[in-house]
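Okay, so here's the structure we're looking at.
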Amino acid sequence: MKNISIIGTGYVGLVSGVCLAEIGHNVTCIDVNTEKIELLKLGVSPIYEPGLEELMAGNVERGKLHFTSNMRMGLQEAEVVYIAVGTPQQENGEADLSYIFNAAQDIGQNITRDAIIVTKSTVPLGTNYKIGEIVQANLQGSYSVDIVSNPEFLREGSAIHDSFHGDRIVIGADSPEAANIIEEINQPFGLPILKTSINSAEMIKYAANAFLATKISFINEIAALSEKVGSDITEVAEGIGKDVRIGSRFLDAGIGFGGSCFPKDTKALVKISEAVDHDFHLLKSVIQINDRQKTALVKKAKDRFGSLKGLRVALLGLAFKPNTDDMREAASINISKNLLKEGARIIAYDPISIENAKKVLPHEVQYVEQIEDAIKQADIVFIVTEWKEIVEKALILTSLFMDQPIIFDGRNCYTAEDLKNYTGEYIAIGRKPIKQGTNSIYQKQIASV
0 MKNISIIGTG YVGLVSGVCL AEIGHNVTCI DVNTEKIELL KLGVSPIYEP GLEELMAGNV
60 ERGKLHFTSN MRMGLQEAEV VYIAVGTPQQ ENGEADLSYI FNAAQDIGQN ITRDAIIVTK
120 STVPLGTNYK IGEIVQANLQ GSYSVDIVSN PEFLREGSAI HDSFHGDRIV IGADSPEAAN
180 IIEEINQPFG LPILKTSINS AEMIKYAANA FLATKISFIN EIAALSEKVG SDITEVAEGI
240 GKDVRIGSRF LDAGIGFGGS CFPKDTKALV KISEAVDHDF HLLKSVIQIN DRQKTALVKK
300 AKDRFGSLKG LRVALLGLAF KPNTDDMREA ASINISKNLL KEGARIIAYD PISIENAKKV
360 LPHEVQYVEQ IEDAIKQADI VFIVTEWKEI VEKALILTSL FMDQPIIFDG RNCYTAEDLK
420 NYTGEYIAIG RKPIKQGTNS IYQKQIASV
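Here numbering that gives the first Met the number 0 is used: the first residue of the sequence shown is 0, the next is one more, and so on.
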């Protein structure tokens, strides 16, 4: 087992550190944010991820996982140092590498032995070589340093599961010895391991995210066409998804992709392409389609009502996806701004992310702690994030509490079978609107609530 240090306790760093400790390594997580470190020492995770706190507490108790804000102390025994700091998007679309390069400088100044530096953060091509140069320039002794690119492929909301049941682990290195050591570290996960060059590993991460974003924008474009020709996008997606060459994943039409990866990485790859004089037409279209998709629900509501002025909209789900409190590039941000611009009032609900939402949504948004309280006050219901609770309750609660139930579903949560007993109006993405009358079966369900 290795002594591993991880710089950065954000989503990637913390999940990686906890899981590496779980498979037996001695892990020290380092962060300059002292308040966050103190919370982590108390067993409190700064991010919401199912199963993370329990796993973290167990490994702290076993003495396998440690936290510190002292860089020299955190790197003192490190044989392998992971860089897992943020690479946020700049205004021009390029990745901001300042945190990466600061970490490289800190590593050079504070390691006390030969070490392997592993980059988990998503970085443009050539960045790992620059990291190596910075580390070498700041070394305080005659130490040997190897650089490895080891991009992460974790999905927020299922990151612990993905760590132990992922598709592959990519190790990009120029040194076969360094690659073998990182392979040895990861072997207890029992996942397929692909060894590549550093440049290829950097490209694999961007290419994977760009391809998945392309699938999403493609199915949303087919959804827009389906609405015009009378097809049902859920049936179309099921039909093409059964083709093994295509696959069913990432074929869910809706209000576009968000989060920390797809929006940032697609724009960064366009910038990378421009830097080498390559015009990435396809990816530019993917981004444009996704931007358009963010306005789909508000447009449908305007088409249905003519004006939204004074209407009360229940915004159900605020995080960019279920099982996370991450608000980065969440659809709720764009939707809430557009609804307010149209003169609507917003009552917002999310099981987990309300506190984070308050930091990024307009201050006019009103929040409630129970889904029932949002729907009781609403003229219109928007399903923005497909949390299990929201999907299970929205149909019956709108029928129970609204005089004229109407749902605008941005995630196509319900099948035709689900809607058989719905008593109201249902408008989704890439499907014909449904308007139902009173149904005795549903009334029995309502009566039991």
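Note that the Cβ used here is the ideal one computed from N, Cα and C, for glycine as well. Predicted, not measured: the structure shown is a model, and the values here were computed from it.
The region 22-37 and the region 64-83 touch, with three or more beta-carbon pairs separated by less than 8 Å. Scanning the region 222-273 for uninterrupted alpha helix (DSSP H) segments of 4 residues or longer gives 232-240, listed from N- to C-terminal end.
Here DSSP, grouped into helix, strand and coil, assigns Cys18 to helix. Listed in chain order, the non-local C-beta contacts of Ile197 below 8 Å within the same chain comprise Asn127, Tyr128, Ile146, Val147, Ser148, Gly171, Ala172, Asp173, local neighbours out to five positions each way being set aside.
Annotated as proximal: Lys263 and Gln88, with beta-carbon spacing under 8 Å.
For Asp30, the number of other beta carbons within 10 angstroms of its own is at least 16, and it is reported as buried.
Within its own chain, the residues whose Cβ lies closer than 8 Å to the Cβ of Lys293, once the five positions on either side in sequence are excluded, are Ile254, Gly255, Ala330, Asn333, Ile334, listed in chain order.
Around the C-beta of Asn91, fewer than 16 other C-beta atoms lie within 10 Å, and the residue is accordingly described as exposed. Distance between Gly50 and Val228, taken at the CA atoms: about 44 Å. Closest option to Val297, judged by alpha-carbon separation, among Gly42, Ala94, Val380: Val380. Here Val14 is not near Ala222, since their CB atoms are 8 Å or more apart. Rounded to the nearest angstrom, the Cβ distance from Lys320 to Thr265 is 17 Å, too far for a contact under 8 Å. Counting of Cβ neighbours within 10 angstroms places Leu282 among the buried residues, the total reaching 16 or more. Distance from the CA of Met72 to the CA of Ser4, rounded to the nearest whole angstrom, comes to 10 Å. Runs of beta strand (DSSP E) with 3 or more residues, each lying fully within the region 157-223, are found at 168-172, 192-195, listed in chain order.
When DSSP assignments are scanned along the region 355-436, the uninterrupted stretches of alpha helix (DSSP H) that are 4 or more residues long and fall wholly within it turn out to be 370-375, 387-400. One thing to note: Met326 has its Cβ no nearer than 8 Å to the Cβ of Ala313. When rounded, the separation of the alpha-carbon atoms in Pro191 and Asp278 is 34 Å. The beta-carbon separation of Tyr425 and Ile406, rounded to 5 Å, stays under the 8 Å limit for a contact. Buried is the label assigned to Thr86, since at least 16 other Cβ atoms lie within 10 Å of its Cβ.
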